[in-house]
Structure formats: structure tokens, C-alpha cells
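A.B. asks:
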């Protein structure tokens, strides 16, 4: 029940934020761009598909661990929200990579969302 209420509160905050894009930053205020790099991530720059798959799986596994951790589910920090977003984006990126297709959008999101998760964990 607590988790459901927390998810509903997060959704309400996202709706209230409108196009400002700072819903997950409500604790410390806006910090600028969500991603440290606008556009191309380090993942996209990697042309070795085998290495890229390993990197994406690593980011996805870390995100899943945070999204399943009661420490972060019950935290007032938005690490859980970013972990949830990262695990989906990284899962999609990995799905594309399994067919040897390098989807830049999902790779960018995977790295960005994982970076945001880590940022809020520290």
C-alpha cells in the first residue's frame, strides 16, 4: 500500500510539473539537463556489440537491484524512480542489441537514467 501511494504521488508530481521536466528533482531543485551529455552517450560511441551488451546488462542489473531494494523504494529520494526508468530503457536497449541493432535513443536513455539514479543515491 505504501508503494502504491508513493507511485501515485510521483505520478501526480509529474503531472503538476508539466513541461518543466523537473519532477524527479523536487528535493534539491532543478539541476539543469537530466543527462550530463545532451545527445550521444558513451554507450552509443562503443562500436563493439559484445562489449556494449555487457555494459548495458551491467547498468540494467544495477538498476533492477535498486528498483527492488526497499531502502530506495521507501526513500524520499527519487533514486527508485530513475532506477525504474533505467531498467526499462536498458532492457529495451538490450533487446535491440540481441538482434545486433544499436538503437541510439534507448542507449542514450539507458545511460542517462542510470546516471540520474546513481546521482540520487549519493
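In mature numbering (1 follows the signal peptide of the UniProt record, and there is no 0), the protein residues as written are -23 to -1, 1 to 99. All residues carry an ideal CB built from backbone N, CA and C; glycine is no exception. It should be emphasised that the depicted structure is a prediction, and the values quoted were computed from it without experimental measurement.
1. Could you compute how far the alpha carbon of residue 40 sits from the alpha carbon of residue 24?
2. Per DSSP, what kind of secondary structure is residue 45 in: helix, strand or coil?
3. Need the endpoints of the alpha helix (DSSP H) that residue 91 sits in, please.
4. Determine the burial state of residue 78: buried for a count of at least 16 other Cβ atoms within 10 Å of its Cβ, exposed for fewer.
5. For residue 87 and residue 48, what's the separation of their Cα atoms in angstroms?
6. Of all the options 94, 44 and 67, which has the alpha carbon lying nearest to the alpha carbon of residue 83?
7. I need the straight-line Cα distance from residue 21 to residue 81, nearest angstrom please.
8. Measuring CB to CB, does residue 71 end up less than 8 Å from residue 34?
9. Which residue comes first and which comes last in the alpha helix (DSSP H) that contains residue 61?
10. Take residue 96 as the anchor and find which of 31, 43 and 32 has the nearest alpha-carbon.
11. My output table needs one value for residue 24: the three-state DSSP class, helix, strand or coil.
12. Select from 58, 64 and 73 the residue whose C-alpha is nearest the C-alpha of residue 37.
C.D. replies: In terms of the structure at hand:
1. Taking the chain shown and counting its residues from 1, the one referred to as residue 40 is at position 63. Taking the chain shown and counting its residues from 1, the one referred to as residue 24 is at position 47. Approximately 23 Å between the Cα atoms of the pair.
2. If you number the chain shown from 1, residue 45 lands on position 68. Here residue 45 sits in coil by DSSP.
3. Within the chain shown, residue 91 is the residue found at index 114, counting from 1. Counting along the chain, the alpha helix (DSSP H) containing residue 91 begins and ends at 81 to 98.
4. What you label residue 78 is simply residue 101 of the chain shown in a count that begins at 1. Classification for residue 78: exposed.
5. The residue labelled residue 87 in the question sits at position 110 within the chain shown. The residue labelled residue 48 in the question sits at position 71 within the chain shown. Cα to Cα, the separation comes out at about 22 Å.
6. Residue mapping note: residue 83 aligns to position 106 of the chain shown, counting from 1. In terms of Cα proximity to residue 83, the closest of 94, 44 and 67 is 67.
7. Walking along the chain shown from the start, residue 21 turns up at place 44. Walking along the chain shown from the start, residue 81 turns up at place 104. Answer to the nearest angstrom: the Cα atoms are 6 Å apart.
8. Residue numbering aside, residue 71 sits at position 94 when the chain shown is read from its first letter. Residue numbering aside, residue 34 sits at position 57 when the chain shown is read from its first letter. Result yes, Cβ atoms of residue 71 and residue 34 sit closer than 8 Å.
9. Along the chain shown, read from residue 1 onward, the residue named residue 61 stands at position 84. 56 to 75 is the span of the alpha helix (DSSP H), which, as asked, contains residue 61.
10. In the chain shown, the residue the question calls residue 96 occupies position 119. The residue with the shortest Cα to Cα distance from residue 96 is 43.
11. If you number the chain shown from 1, residue 24 lands on position 47. Taken through DSSP and simplified to helix, strand or coil, residue 24 comes out as coil.
12. Working through the chain shown from its first residue, we reach residue 37 at position 60. The shortest C-alpha separation from residue 37 is found at 64.
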